[in-house]
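J.: If you want the numbering used here, it's the 1-based position in the sequence shown plus 57.
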Amino acid sequence: MLELDGERWAVEVKLTASPRPIDFQRLERAADLIGATRRFLVSQTQQPSGDGRRASLNLPAFLAHLG
Numbered sequence: 058m059l060e061l062d063g064e065r066w067a068v069e070v071k072l073t074a075s076p077r078p079i080d081f082q083r084l085e086r087a088a089d090l091i092g093a094t095r096r097f098l099v100s101q102t103q104q105p106s107g108d109g110r111r112a113s114l115n116l117p118a119f120l121a122h123l124g
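#1: Tell me the rounded alpha-carbon separation between Ser75 and Gly63.
#2: Which residue comes first and which comes last in the beta strand (DSSP E) that contains Arg65?
#3: Distance check for Ser113 and Gly107, CA to CA, integer angstroms please.
#4: Give the DSSP-derived three-state secondary structure of Arg83 in the structure shown.
#5: By the three-class DSSP mapping on this structure, what secondary structure does Ala93 have?
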């Protein structure tokens, strides 16, 4: 969890290059519990997907979101 610019971010890091849908479902449940407005599943994926509030992406792409 990160608190940035008044928002709560739920972030999970996985070693896999192929996160499964269940991985994101678990992140969503945890994010709901903490009231996160942004949700990111960081892995070694080469094909990021999502948007600025909810995404599955690799570390360089996630760091780009941090500014």
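Just so you know, even glycine gets a beta-carbon here, dropped at the ideal spot from N, CA and C. Everything numeric in this text was worked out from a predicted model, so none of it was measured.
T.: Taking the structure as given:
#1: 31 Å
#2: Glu64 to Val70
#3: 6 Å
#4: helix
#5: coil
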